[in-house]
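Chemist: Attaching a single structure in structure tokens format; questions to follow.
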Amino acid sequence: MLMNILLGNSSRVYAKLLEDKLINQSFFVNVTYEKNAENIMIYAESKHVRRLKKVLIELLTETAKNELTESAFLRYKKVYLGQFIFALNNLETKAYLYGKYHQMGSSLFEVVDLLQDITYQDVLFALGLIEKKYIATLIHKKA
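Just so you know, numbering that gives the first Met the number 0 puts 2 at position 3 of the sequence shown, and the rest follows in order with no gaps.
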């Protein structure tokens, strides 16, 4: 949720990165949460890789609190809940999610309640856990 608010297609930061030609349409963020590990992967094609890296690290470790407003959080939370509920209309998705949450000791139907319980303060706390010392980068140059 946090990364979509900050770097999603409809975010101010995403628009600014496009405008400054630091990214193109291939930009995406992938967040993975496992039992004892979490990671955020940001993929971008850019002619200004070092500048983009600096901007993204600064955003995630310093300026994100300015971008992360409570109104943006509440708006995205509604969107996320709606998307989750809509996904339950698909039998294959429901079966996949049922198995996923069952393995985690939870019920698929508790997820909506869990999502509703997430607060703006929870998201700010999660943001505070991102520190420069935990950030690794890989820059792949085309041959």
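Ideal placement from N, C-alpha and C gives every residue a C-beta, glycine not left out.
Would you check if the distance between the CB atom of His47 and the CB atom of Leu21 is smaller than 7 Å?
Modeler: Position 48 of the sequence shown, counted from the first residue, corresponds to residue 47. Position 22 of the sequence shown, counted from the first residue, corresponds to residue 21. Closer than 7 Å, so yes.
Chemist: Under the assumption that Leu55 contacts Ile41 (Cβ atoms under 8 Å), give the Cβ distance between them as a whole number of angstroms.
Modeler: Here residue 55 refers to the residue found at position 56 of the sequence shown. Here residue 41 refers to the residue found at position 42 of the sequence shown. So it is a contact: roughly 6 Å between Cβ atoms.
Chemist: For my contact list, Ser146 and Glu44 are in at a C-beta cut-off of 8 Å; report their separation, rounded to the angstrom.
Modeler: Since the first residue shown for the chain is 0 and the last is 142, residue 146 is missing from the structure and cannot be characterised.
Chemist: With burial defined as no fewer than 16 other Cβ atoms inside 10 Å of the residue's Cβ, what is the status of Ile138: buried or exposed?
Modeler: Counted from its first residue, the sequence shown places residue 138 at position 139. Note on Ile138: under 16 other CB atoms within 10 angstroms of its CB, so exposed under the neighbour-count rule.
Chemist: Which of helix, strand or coil does DSSP assign to Thr60?
Modeler: To locate residue 60, count along the sequence shown from 1; it is residue 61. Thr60 falls in the helix class under three-state DSSP.
Chemist: Can we say the region 77-86 touches the region 28-37, given the rule of at least three CB pairs closer than 8 Å?
Modeler: no
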